[in-house]
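J.: Structure in structure tokens, see below.
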Amino acid sequence: MLKADLHIHTTASDGKLTPAQVVSQALETDLDIIAITDHDTLAGIEEARRAAEGTRLRVVAGVEISTLYQGRECHMLAYAFEDANLLGKLLSDQKKRRIERAQAIISKLNAMGFDISYDEILGEAGRASIGRPHIARVMIKKGYAADTQEVFVRYLSNESSAYHKIDYPDAADVIDTIHLAGGIAILAHPGNSYNFIEIKELKESGLDGLECYHSSHTSVHKRRYLTYCQSHDLIATGGSDFHGTVQDYYQFGVLHIPLEPDSPL
1 MLKADLHIHT TASDGKLTPA QVVSQALETD LDIIAITDHD TLAGIEEARR AAEGTRLRVV
61 AGVEISTLYQ GRECHMLAYA FEDANLLGKL LSDQKKRRIE RAQAIISKLN AMGFDISYDE
121 ILGEAGRASI GRPHIARVMI KKGYAADTQE VFVRYLSNES SAYHKIDYPD AADVIDTIHL
181 AGGIAILAHP GNSYNFIEIK ELKESGLDGL ECYHSSHTSV HKRRYLTYCQ SHDLIATGGS
241 DFHGTVQDYY QFGVLHIPLE PDSPL
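Residues 1 to 265, numbered by this note's numbering, are exactly what the sequence shown covers, in order.
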């Protein structure tokens, strides 16, 4: 049985460690396989693979794609895709949506009296896929909040004062695109907001599996989702959802997911 962590973020999106640093940590924590799953970008995968060359660690290509399901945000993990170019148009559109959201949030924050510019957010994000954590980091640096949690609770989370909803693509359409690229579509952290009726609907739209193991899941969540996967012919995956220091309770290397050698991943 192989030890895997199939949900890791890097500086290519809103993580704090570079892809090479993630590989270094994985080698120190007895992992056999990791997946780089940055938000709406594939940018960190090649760096991670170069860093892992000549080691025992295998780096799986992945991406966490933001979608909408029944009007709310739904994260879909894509793995094992054969043609990344087929995901290119989708991810390019996602980049534009993320930029538009960041600009809308900044406008709202400016109207509330906060002195923050889009250029400052770009400076914080660098070449990464822009996300709300980049805005949070700038606000903390400027003394507007003590930590990321405060920024999200007061300003950036759903229904908060500066929140701006992105018109992400429909989950079923994203599943189709992942399949066209030769990949498999996994529902990320289902324990956060999905019941089995909704999961059944997503399966009817082509969903391939569930992220049964996740840092936010209780042992009850894990057992329920593993049982559901076994009885409904779904792939069971899992990962820490590690971001670095953004969320301290999502610890890298603590959650070891058992993976069979013949897994489709």
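Just so it is clear, CB atoms sit at the ideal spot from N, CA and C, and this is done for glycine as well.
#1: What separation, rounded to the nearest whole angstrom, lies between the Cα atoms of residue 71 and residue 54?
#2: Using DSSP bridges, identify the partner residues of residue 170.
#3: May I ask which residues mark the beginning and end of the alpha helix (DSSP H) holding residue 119?
#4: When DSSP labels each residue in this structure, what does residue 1 get in the three-state scheme?
#5: Of the residues 81, 21, 196, 36, which one's Cα is nearest the Cα of residue 176?
#6: Between the segment 166 to 174 and the segment 116 to 129, do at least 3 Cβ pairs fall closer than 8 Å?
#7: Tell me residue 75's beta-bridge partners as DSSP assigns them.
#8: State the beta-bridge partners of residue 84 as determined by DSSP.
#9: Within this structure, are the beta carbons of residue 22 and residue 41 separated by less than 8 Å?
#10: For the candidate residues 164, 78, 39, whose alpha-carbon lies nearest to that of residue 242?
#11: Excluding five sequence neighbours on each side, which residues of the same chain lie with their C-beta closer than 8 Å to the C-beta of residue 234?
#12: Enumerate in chain order the residues of its own chain whose CB-to-CB distance from residue 168 is below 6 Å, with the five nearest sequence positions on each side excluded.
#13: In the structure shown, what three-state DSSP assignment does residue 184 receive?
#14: Taking the alpha helix (DSSP H) that residue 226 belongs to, which residues open and close that run?
#15: For the beta strand (DSSP E) holding residue 236, just list the boundary residues, first then last.
#16: Report the CB separation of residue 7 from residue 35 in whole angstroms; it is logged as a contact under 8 Å.
#17: In the DSSP assignment, what are the bridge partners of residue 61?
#18: So which of 104, 205, 196, 231 has the shortest CA-CA distance to residue 179?
#19: Grab me the residues of residue 226's own chain with a C-beta within less than 6 Å of its C-beta, minus the 5 sequence neighbours each way, in chain order.
#20: Suppose the cutoff is 7 Å on Cβ atoms and the five residues either side in sequence are ignored; what does the same chain contact list for residue 49 look like?
T.: This is what the structure holds:
#1: Residue 71 sits at position 71 when you count from the first residue of the sequence shown. Residue 54 sits at position 54 when you count from the first residue of the sequence shown. So the two alpha carbons sit approximately 45 Å from each other.
#2: To locate residue 170, count along the sequence shown from 1; it is residue 170. According to DSSP, residue 170 bridges with 68.
#3: Locating residue 119 in the sequence shown gives position 119, counting from the first residue. 118 to 125 is the span of the alpha helix (DSSP H), which, as asked, contains residue 119.
#4: Here residue 1 is taken as the residue at index 1 of the sequence shown, counted from 1. Coil, per DSSP.
#5: The residue you call residue 176 lines up with position 176 of the sequence shown. Ranking the options by Cα distance to residue 176, first place goes to 81.
#6: no
#7: Translated into the one-based positions of the sequence shown, residue 75 becomes position 75. Its beta-bridge partners are 66.
#8: Position 84 of the sequence shown, counted from the first residue, corresponds to residue 84. Partner(s): none; residue 84 has no beta bridge.
#9: Indexing the sequence shown from 1 puts residue 22 at position 22. Indexing the sequence shown from 1 puts residue 41 at position 41. No; because the gap between Cβ atoms is not below 8 Å, this pair is not in contact.
#10: Taking the sequence shown and counting its residues from 1, one reaches residue 242 at position 242. If we check each option's Cα against that of residue 242, 39 comes out closest.
#11: Reading the sequence shown from its first residue, position 234 is the one you call residue 234. Once the five neighbours on either side are set aside, the close Cβ partners of residue 234 are 203, 207, 208, 209, 210, 228.
#12: For the purposes of this step, residue 168 is taken as the residue at position 168 of the sequence shown. Around residue 168: 66, 67, 68.
#13: Working through the sequence shown from its first residue, we reach residue 184 at position 184. Reduced to three states, the DSSP call for residue 184 is strand.
#14: Against the sequence shown, residue 226 aligns to sequence position 226. Segment 219 to 231, the alpha helix (DSSP H) holding residue 226.
#15: The count along the sequence shown starts at 1 and reaches residue 236 at position 236. Per DSSP, residue 236 belongs to the beta strand (DSSP E) from 235 to 239.
#16: Here residue 7 refers to the residue found at position 7 when the sequence shown is read from its first residue. Here residue 35 refers to the residue found at position 35 when the sequence shown is read from its first residue. So it is a contact: roughly 7 Å between Cβ atoms.
#17: Taking the sequence shown and counting its residues from 1, one reaches residue 61 at position 61. Beta-bridge pairing links residue 61 to 36.
#18: Walking along the sequence shown from the start, residue 179 turns up at place 179. With distances taken between Cα atoms, residue 179 lies closest to 205.
#19: The residue you call residue 226 lines up with position 226 of the sequence shown. Cβ within range, chain order: 212, 236.
#20: Within the sequence shown, residue 49 is the residue found at index 49, counting from 1. Contacts found: 59.
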